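Note that the numbering used here has the sequence shown beginning at 239, numbered continuously upward. Cβ coordinates follow ideal geometry from the N, Cα and C atoms, glycine included. Bear in mind that the values here come from a model prediction, so they are computed numbers and not experimental data. Okay, structure first, notes after.
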Amino acid sequence: MDLLQVVKRDKPRVLVLCGPFVDARHGEIENWCYEEDPSKWFDSFLSHTLEVAIEAQTRVVLIPSQNDFHHHQLYPQPPFSDDFKLPYRREANIDERLNFATDPSILTINNVTIGVTSTDILKHLSGQTYTAGPTADRMTTLVQHMYSQR
239 MDLLQVVKRD
249 KPRVLVLCGP
259 FVDARHGEIE
269 NWCYEEDPSK
279 WFDSFLSHTL
289 EVAIEAQTRV
299 VLIPSQNDFH
309 HHQLYPQPPF
319 SDDFKLPYRR
329 EANIDERLNF
339 ATDPSILTIN
349 NVTIGVTSTD
359 ILKHLSGQTY
369 TAGPTADRMT
379 TLVQHMYSQR
């Protein structure tokens with residue numbers, strides 16, 4: 239089932255989406271064989287997502303990725319520019335419905351605080367960690383390393 243169909247059906251209060259939204263590693267972008275500006279792909283995604291979110295009265299939080307074609311490819315990342323909101327200013331309460339956050343971010347939603355990043359932490363850990371022994375479960379070990387950090 240499509241995520242936006244679930245949003246329509248369940249009407250969550252908040253939807254947190256992590257990029258990449260337009261992946262710079264996409265074949266058409268890597269080979270420079272696209273006919274329209276890929277940043278328009280993001281505009282199309284944002285338009286469709288907001289249409290559903292406004293109908294469902296859902297707040298959308300977008301976290302950028304280092305792989306987003308149309309954004310700064312550095313870490314930590316600033317939020318997307320508010321210029322992306324300009325076409326949607328006609329919508330009531332757009333600033334309440336659409337939030338751009340940094341990567342990484344700390345979000346507090348209904349008194350629950352969570353840390354969010356679009357970076358694949360387990361992928362980076364796996365390149366730096368060695369596991370020995372015939373019964374060692376690599377992913378379990380990586381998650382344990384992650385949770386043991388302070």
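How do the stretch 311-321 and the stretch 344-351 stand: do at least 3 beta-carbon pairs fall below 8 angstroms, yes or no?
-> no
- State the beta-bridge partners of residue 358 as determined by DSSP. On the sequence shown, position 120 is the one that residue 358 refers to. None; residue 358 has no bridge partner.
inquiry  = My parser needs the beta strand (DSSP E) runs of 3 or more residues fully inside the stretch 318-349; what are they?
reply    = 336-338 and 343-347
Q | Proximal residues to residue 260 (C-beta, below 8 angstroms), its chain only, five neighbours per side dropped | A | Position 22 of the sequence shown, counting from 1, holds the residue named residue 260. Answer for residue 260: 267, 276, 277, 279, 280, 283, 306, 307 and 308, listed in chain order.
Quick one, are the C-beta atoms of residue 290 and residue 245 less than 8 angstroms apart?
As a working note, residue 290 is residue 52 in the sequence shown. As a working note, residue 245 is residue 7 in the sequence shown. Contact flag set, yes.
- Query: Measuring CB to CB, does residue 303 end up less than 8 angstroms from residue 257?
  - Reply: Taking the first residue of the sequence shown as 1, we reach residue 303 at position 65. Taking the first residue of the sequence shown as 1, we reach residue 257 at position 19. A contact, by the Cβ cut-off of 8 angstroms.
Q: For the alpha helix (DSSP H) containing residue 298, list its first residue and its last residue.
A: Residue numbering aside, residue 298 sits at position 60 when the sequence shown is read from its first letter. Not the alpha helix (DSSP H): residue 298 falls in the beta strand (DSSP E), residues 297-301.
Residue 292: which of 273, 312, 363 and 253 sits nearest, CA to CA? As a position in the sequence shown, residue 292 is number 54, starting the count at 1. With distances taken between Cα atoms, residue 292 lies closest to 253.
query: Who does residue 255 pair with in a DSSP beta bridge?
result: For the purposes of this step, residue 255 is taken as residue 17 along the sequence shown, with counting starting at 1. According to DSSP, residue 255 bridges with 300.
Exercise for review: Give the DSSP-derived three-state secondary structure of residue 275 in the structure shown.
Suggested key: Mapped onto the sequence shown, residue 275 falls at position 37. Of the three classes helix, strand and coil, the one that applies to residue 275 here is coil, per DSSP.
Between residue 296 and residue 325, is the Cβ-Cβ spacing less than 8 angstroms? Here residue 296 refers to the residue found at position 58 when the sequence shown is read from its first residue. Here residue 325 refers to the residue found at position 87 when the sequence shown is read from its first residue. No. Outside cutoff.
task = Closer than 6 angstroms by C-beta to residue 339: which residues in its own chain qualify, once you throw out the five before and the five after it? Chain order, please.
result = By one-based count along the sequence shown, residue 339 stands at place 101. Excluding positions up to five away in sequence, the list reads 299, 301 and 317.
(message) Taking only three categories from DSSP, how would you classify residue 248?
(response) Translated into the one-based positions of the sequence shown, residue 248 becomes position 10. The answer is helix: DSSP assigns residue 248 an H, G or I state.
Worksheet item: Could you give the residue range of the alpha helix (DSSP H) that holds residue 376?
Response: Working through the sequence shown from its first residue, we reach residue 376 at position 138. Taken as a continuous stretch (DSSP letters only), the alpha helix (DSSP H) holding residue 376 covers 376-386.
Residue 315 - DSSP class collapsed to helix/strand/coil: Residue 315 sits at position 77 when you count from the first residue of the sequence shown. Of the three classes helix, strand and coil, the one that applies to residue 315 here is strand, per DSSP.
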